[in-house]
Each structure stands twice: as C-alpha cells, then as structure tokens.
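Undergrad:
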Amino acid sequence: MKNARGLKLFLQGGGIIAYPTESCFGLGCDPKNRSAVKRLLRLKGRPQHKGLILIASCQRQLKPYMQPVNPAQQLQLDTSWPGAHTWLVPAAKNCPPWLSGRHTSIAVRVTAHRSSADLCRRLNMALVSTSANHSGGKAAKTAHACRQLFAANIRIINGRIGKNHKPSTIQDLTTGRIIRA
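Here it is, written out as structure tokens:
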C-alpha cells in the first residue's frame, strides 16, 4: 500500500477493497459508510441481518463500536489478541445497524495478520472484514481469484494470506459460547 491517504479517501467515498487476512482474502470497506456496506453486501449476496466483522490493528480502533467491557472480559480480549479470534461484544448504543444486523452485539477482532494490521494502522481505522466470496461459496485465497469473482467492482490490495486453514474462531464475550470453532 503506497498511498494510505488516497486509499482512505477511496474507502470514505464508498469504495470496497479486497485484502489478505489470516485464512483468505477479505472484502472490506469503511464501517461508517452505510452505502459502501450495503454495496459490499449486495456484491456478496449476504443478508444484512447477519451482521459483519470488524478488524483492526488495535483495540482503540474498535472502541467506538462496542460497549465498555468489565475487567475479566478485557483480560479475555487481551489474551486472545492480536490473533484469529473474533469476539461478539455488546454493540455501542450508536453502533450502526448495518454492521450489527439484527443483533445487539458486534463481531470484532484485532488481527495478527501483518499486512491486514498494517493496513488498519496506516488508515487509522477499523475495516469491515468478510470473506471474499459470494455468500455460501468458497473464499478467495489469491488476488487473482478476487479479480475473477468481483472484477472492476473492488480495489485489490496485493499480498499473501496467513497460514490459517480455517476462518477465525467466533466467541460470545458475554456468555463464553463458541459460535464457530
């Protein structure tokens, strides 16, 4: 990523990117941009009611979207992040419904994937992160596969995916229940 400022303007203007993550390429956009999120959901064929994951390079980037957590919950976040562990946390009162879907929680992760974390760090923002595929299909593992799936509808950030063979664990921070192992 040579021009972080230009990319941030692209995202703030409603652009969608594909970028490498821990296990596959992800589709992302500015979580504050409702039209970008809706466009991303249309590209994927994913219903809005399911909600989306946000990734970040640090917890500070996720704070606007989540309610404060208690010390025991904070310890769980601190011991699993950065890493391929997504937590469902109570959504902030002003968390946009296009991110949380029909849920009162939001899915968040501080990524350990070097280029994804660097992307969020250089943009100084969290990103929507959903697998680069059509809903129910196989996730893209390369930039070339992203081009084949989404052609001119997205900007592709080149790079390699991580070594994880499966998507991140998803766990409810309030109940401890594992949603996806």
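Going left to right, the sequence shown walks through residues 6 to 186 as the working numbering numbers them. Cβ atoms here follow ideal geometry from the backbone N, Cα and C, with glycine treated the same way. For clarity, every value in this text was computed on a predicted model and none was experimentally measured.
1) Which runs of the alpha helix (DSSP H) at least 4 residues long sit entirely within the stretch 28-112? Give them in chain order.
2) I need the straight-line Cα distance from Pro25 to Ile162, nearest angstrom please.
3) Pull the bridge partners of Pro25 from the DSSP assignment, please.
4) Using the C-alpha atoms, what's the distance from Gly106 back to Cys151?
5) Please report how far the alpha carbon of Ser120 lies from the alpha carbon of Ser62, in whole angstroms.
6) Considering only DSSP beta bridges, list what Ser136 is partnered with.
7) Can you check which of these residues, Ser136, Leu82 and Thr147, is closest to Gly164 by C-alpha distance?
8) Given a cut-off of 9 Å, decide if Ala117 and Ala137 are closer than it, judged by their beta-carbon atoms.
9) Please list the terminal residues of the continuous beta strand (DSSP E) segment that includes Arg185.
TA: On the basis of the supplied data:
1) 39-49, 76-85 and 102-105
2) For the purposes of this step, residue 25 is taken as the residue at position 20 of the sequence shown. For the purposes of this step, residue 162 is taken as the residue at position 157 of the sequence shown. If I take the Cα positions, the gap works out to 7 Å.
3) Taking the sequence shown and counting its residues from 1, one reaches residue 25 at position 20. Paired residues: Phe30.
4) The residue you call residue 151 lines up with position 146 of the sequence shown. The residue you call residue 106 lines up with position 101 of the sequence shown. Using only the alpha carbons, I get a separation of about 25 Å.
5) Start at 1 with the first residue of the sequence shown, and residue 120 comes out as number 115. Start at 1 with the first residue of the sequence shown, and residue 62 comes out as number 57. Taking the straight line from one Cα to the other gives about 10 Å.
6) What you label residue 136 is simply residue 131 of the sequence shown in a count that begins at 1. Answer is Gly31, bridged to Ser136.
7) Stepping through the sequence shown from its first residue, residue 164 is reached at position 159. Here the closest residue by C-alpha is Thr147.
8) In the sequence shown, counting from the first residue as 1, residue 137 sits at position 132. In the sequence shown, counting from the first residue as 1, residue 117 sits at position 112. Taking 9 Å as the Cβ cut-off, Ala137 and Ala117 do not qualify as a contacting pair.
9) Locating residue 185 in the sequence shown gives position 180, counting from the first residue. Run containing Arg185: Ile183 to Arg185, per the beta strand (DSSP E) assignment.
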